[in-house]
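Data block below; observations after.
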Amino acid sequence: MQSSPTQIVFLGGGYVSVWAYRTMANMLRSQMANGQVTVTVICPHAYHFYHGWTAESLTDIIRDHNRLSPLTEIMPKANLILGEAEKLDHSAQVVHIRTKNGDQQTLRYDHLLMGIGSFDSEAVEGIRTYGYQIKSPEAFQRTRNKLHQLVKEAAQADPEQARQLLSFTVAGGGFAGVELVTNLAEWVNLAKKSYPGLSNLQPQIRLVNSGNQVLSALQPDYKRLIRYTEKTMRKYGIALINNAKLTKVTSDGAFLSDGTFLESSLVLSTVGQSRFTLAGTEPMPRDTLQRLYTNAYQQVDNLPNVWGGGDACHVAHYQTGIACPANALWAIKHGEYVGRNIARAVKGKKLKPFTYRGLGQSASLGLGKGITEMYGVQFTGALAWIMRWFFFHYFMPSRRLMLDTVGDWFHLLFRGKRKGAADATTDVQTNPIQAVAA
Numbered sequence: 001m002q003s004s005p006t007q008i009v010f011l012g013g014g015y016v017s018v019w020a021y022r023t024m025a026n027m028l029r030s031q032m033a034n035g036q037v038t039v040t041v042i043c044p045h046a047y048h049f050y051h052g053w054t055a056e057s058l059t060d061i062i063r064d065h066n067r068l069s070p071l072t073e074i075m076p077k078a079n080l081i082l083g084e085a086e087k088l089d090h091s092a093q094v095v096h097i098r099t100k101n102g103d104q105q106t107l108r109y110d111h112l113l114m115g116i117g118s119f120d121s122e123a124v125e126g127i128r129t130y131g132y133q134i135k136s137p138e139a140f141q142r143t144r145n146k147l148h149q150l151v152k153e154a155a156q157a158d159p160e161q162a163r164q165l166l167s168f169t170v171a172g173g174g175f176a177g178v179e180l181v182t183n184l185a186e187w188v189n190l191a192k193k194s195y196p197g198l199s200n201l202q203p204q205i206r207l208v209n210s211g212n213q214v215l216s217a218l219q220p221d222y223k224r225l226i227r228y229t230e231k232t233m234r235k236y237g238i239a240l241i242n243n244a245k246l247t248k249v250t251s252d253g254a255f256l257s258d259g260t261f262l263e264s265s266l267v268l269s270t271v272g273q274s275r276f277t278l279a280g281t282e283p284m285p286r287d288t289l290q291r292l293y294t295n296a297y298q299q300v301d302n303l304p305n306v307w308g309g310g311d312a313c314h315v316a317h318y319q320t321g322i323a324c325p326a327n328a329l330w331a332i333k334h335g336e337y338v339g340r341n342i343a344r345a346v347k348g349k350k351l352k353p354f355t356y357r358g359l360g361q362s363a364s365l366g367l368g369k370g371i372t373e374m375y376g377v378q379f380t381g382a383l384a385w386i387m388r389w390f391f392f393h394y395f396m397p398s399r400r401l402m403l404d405t406v407g408d409w410f411h412l413l414f415r416g417k418r419k420g421a422a423d424a425t426t427d428v429q430t431n432p433i434q435a436v437a438a
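In the UniProt record's numbering, the protein residues as written are 1 to 438.
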C-alpha cells in the first residue's frame, strides 16, 4: 500500500484546471476524502477569470466581480498556492515555485497538469506602452478604465476635441474583435444619451482586419453569419478596414501595414496569443505557435504523468487531426477529458482518447443581436443572441456568480440600467482583483 498520498499538481487556475478538477473530484471522491489523493493548484491569482462576458463587462452590463470565481469556492478540496511555477524537473518529479510573497518552494508531483494558458501577444511595436488589451484581468481593467475616462472627458470637451477623444481602433477581425467593436459602438451611442454634449457627435470606431472578410474561422461554410456581422457593423457606423494589419501603436494612434495612420485615442488589440515556456520544458515538442504537443490521451511528450490542454497545448481534433481552436469551450472540454484520464490513471484503468467533436461558435454583436453556429446550423439576430446567453451562463464555473450575473441582466431588462455603471466608482469596480483575492 502506498505510504504517501498521490499528489496531483495543476499549473494554472483557468478553464482546463477548473473543469479537470470537477471531473476528477467526482471520480476520486473517496480517495480525496480519505487523503489518498491530494490536489494542489498553483496560480498567481486567487480566482478564475471568466472571459465569456468580456464585452458585456467592458460595457457595464455585467459587474466585474461577477466574472471572478474564487478558486477556493469552485475547487474546494484543492490546496491553493498563490504563485507561479518557475521550473519543472521531471526526472525528479518536482516543480519549483515562487509564491506571491517571494518565497521559493519545491513541490513533488505524481501527476502534473499543464494548464498555464496563453497571454496577449506584444509583438506589435508600442502595444505594451500605448496600446490596450483584454485577456489578463489587469489588461482588461486598464482598458475599461480608459474607455470610461475618454467618454467623461469627451462630454466636457468642445465638439472637435470630443470627436478625437472618441476615436477608437480595434485590431483583429476574429470573434473577440467583432464582439468588442460592436458592443463598444453600442455602448458609446448609449452614452450619448447620458451626456447632452455628445448627442450630435458621431464617434469614429474602426475595425482593422487582416483578411478580406471578418471571422475567417467561419469561412467558407458560414457566409450568412459573416454577412449579418458586416451588415450590423455598418448600422453601428463602424468602419471596416480589410486586408491590413496593425504594425505600430503610438500615443497618437495606429499605423497599419498598408501605410495608413489612424489617429486614435485608444487602440485595442485582440490579435495573437503568446505562450509561456516553463524552464525545464524546452525539450518537449511544440508546434509553430509554441503549443506543447499532446497525444490522444492529452499526455505531453507521451509522458505517462504529465498532462495538458487549453491554449498552452496542441490537442488534435480526433477527426481532422488539426489542433483544436483556442477558445474557452475547447479548453473546458480538454479539462473534462484530461481530468477523467488522470482519475483513470490513478485508479489503474485504461485511458480514453479525446473525442469531443465540437458544439459550435457564437458572438454577441450588441443587445439582441448575435450570430451562432451549432452543429453546422446557422442562426442570426435575437435567437442567436439568446442561445449564446444561455450557453455562456451554463458554462460559468460558479453557480452563485451565475445567478448574480442573471441578476445583472434582469436589472438591465426591468430597470433599463447597466448595473456595472452604477458601481463604477466603488473599490470593487476600480480594482476588482484585490477585492476578490482579499
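Think of the CB as a built atom: it goes at the ideal place given N, C-alpha and C, for glycine as much as any other residue.
Please report the residue range of the alpha helix (DSSP H) in which residue i lies.
{"i": "D89", "result": "Run containing D89: none in the alpha helix (DSSP H); it sits in the beta strand (DSSP E), 79-89."}
{"i": "N308", "result": "Checking the sequence, you will find Gly at residue 308 rather than Asn. That residue, G308, is in no alpha helix (DSSP H); its beta strand (DSSP E) goes 306-308."}
{"i": "V18", "result": "15-27"}
{"i": "S57", "result": "54-58"}
{"i": "V346", "result": "328-347"}
{"i": "Y47", "result": "Element bounds for Y47: not the alpha helix (DSSP H) but the beta strand (DSSP E), 47-49."}
{"i": "E186", "result": "175-194"}
{"i": "G381", "result": "381-394"}
{"i": "V406", "result": "399-415"}
{"i": "I226", "result": "223-236"}
{"i": "V315", "result": "V315 -> no alpha helix (DSSP H), and no H or E assigned at all."}
{"i": "A155", "result": "137-156"}
Nearest to residue i by alpha carbon, out of the options?
{"i": "L82", "options": "S210, S69, H45", "result": "H45"}
{"i": "T229", "options": "L289, D311, L215", "result": "L215"}
{"i": "W187", "options": "Q378, N145, A328, G366", "result": "G366"}
{"i": "I116", "options": "Q36, V18, W385", "result": "V18"}
{"i": "M27", "options": "G360, S265, E336", "result": "E336"}
{"i": "Y15", "options": "A421, M402, T380, A312", "result": "A312"}
{"i": "Q361", "options": "E160, C324, P353, A343", "result": "C324"}
{"i": "A331", "options": "A421, V271, P397", "result": "P397"}
{"i": "Q141", "options": "H90, I205, Q93, H65", "result": "H65"}
{"i": "T6", "options": "L107, Q202, D89, A55", "result": "L107"}
{"i": "residue 444", "options": "A239, Q161, F354, N341", "result": "Outside the displayed span of the chain (1 to 438) sits residue 444, for which this structure offers no information."}
{"i": "G172", "options": "G211, P203, A191, Q202", "result": "G211"}
{"i": "I226", "options": "Q378, V249, G197", "result": "Q378"}
{"i": "Y297", "options": "I241, M402, H317", "result": "H317"}
{"i": "E179", "options": "T54, G259, N327", "result": "T54"}
{"i": "Q104", "options": "E86, S118, H90, S91", "result": "E86"}
{"i": "V315", "options": "H334, L401, A328, S194", "result": "H334"}
{"i": "F10", "options": "A92, G310, L413", "result": "G310"}
{"i": "Q93", "options": "L329, T281, N242", "result": "T281"}
{"i": "L147", "options": "A78, K77, D60", "result": "D60"}
{"i": "residue 480", "options": "L88, G381, T380, A123", "result": "No information on residue 480 is available, as it lies outside the stretch 1 to 438 that the chain covers here."}
{"i": "residue 442", "options": "T232, P285, T260, Q202", "result": "Since the displayed the chain opens at 1 and closes at 438, residue 442 lies outside it and no answer follows."}
{"i": "Q202", "options": "A155, R418, F414", "result": "A155"}
{"i": "P76", "options": "S57, D89, Y47", "result": "Y47"}
{"i": "R275", "options": "A139, A326, A239", "result": "A326"}
Since residue i and residue j are thought to touch, with beta carbons under 8 Å apart, how far apart are those beta carbons, to the nearest angstrom?
{"i": "T169", "j": "V208", "result": "6 Å"}
{"i": "G13", "j": "V39", "result": "That belief does not hold up - the Cβ atoms of G13 and V39 are roughly 12 Å apart, past 8 Å."}
{"i": "F392", "j": "G52", "result": "4 Å"}
{"i": "M374", "j": "L359", "result": "6 Å"}
{"i": "A254", "j": "S264", "result": "6 Å"}
{"i": "Y132", "j": "L268", "result": "5 Å"}
{"i": "P137", "j": "F49", "result": "5 Å"}
{"i": "M387", "j": "T372", "result": "5 Å"}
{"i": "S364", "j": "N183", "result": "7 Å"}
{"i": "K369", "j": "W385", "result": "6 Å"}
{"i": "I8", "j": "D408", "result": "With a Cβ gap of about 35 Å, I8 and D408 do not count as contacting."}
{"i": "M24", "j": "G272", "result": "That pair is no contact at about 32 Å."}
{"i": "Q204", "j": "S167", "result": "4 Å"}
{"i": "I127", "j": "V249", "result": "5 Å"}
The beta strand (DSSP E) that contains residue i, what's its start and end?
{"i": "Y130", "result": "That residue, Y130, is in no beta strand (DSSP E); its alpha helix (DSSP H) goes 127-130."}
{"i": "P70", "result": "68-70"}
{"i": "F119", "result": "118-120"}
{"i": "E373", "result": "370-374"}
{"i": "L166", "result": "Per DSSP, L166 belongs to no beta strand (DSSP E) and is neither H nor E."}
{"i": "R206", "result": "204-208"}
{"i": "Q7", "result": "6-11"}
{"i": "L289", "result": "Counting along the chain, L289 falls outside any beta strand (DSSP E), and DSSP gives it neither H nor E."}
{"i": "L112", "result": "111-114"}
{"i": "T216", "result": "Before going further, note that residue 216 is Ser rather than Thr in the sequence given. Per DSSP, S216 belongs to no beta strand (DSSP E) and is neither H nor E."}
Compute the minimum distance between the beta carbon of residue i and the heavy atoms of the ligand NAP, and state whether it is under 7 Å.
{"i": "F276", "result": "With respect to small molecules bound, the structure shown includes none, and the ligand NAP cannot be examined in it."}
Using 8 Å as the Cβ pair cut-off and three pairs as the minimum, do the stretch 92-100 and the stretch 290-300 touch?
-> With the cut-off at 8 Å, the stretch 92-100 and the stretch 290-300 do not touch.
Does the count of Cβ pairs from the stretch 110-126 and the stretch 62-73 closer than 8 Å reach three?
-> Taking 8 Å as the limit for Cβ pairs, the verdict is that the stretch 62-73 does not touch the stretch 110-126.
When the Cβ atoms of the stretch 337-356 are set against those of the stretch 298-315, are three or more pairs found closer than 8 Å?
-> The answer is yes - the stretch 298-315 touches the stretch 337-356, with three or more Cβ pairs under 8 Å.
Identify every run of the beta strand (DSSP E) within the stretch 241-275, keeping only runs that are complete inside it and at least 3 residues long; order them along the chain.
-> Here the runs fully enclosed are 246-249, 253-256, 261-263, 266-269, 273-275.
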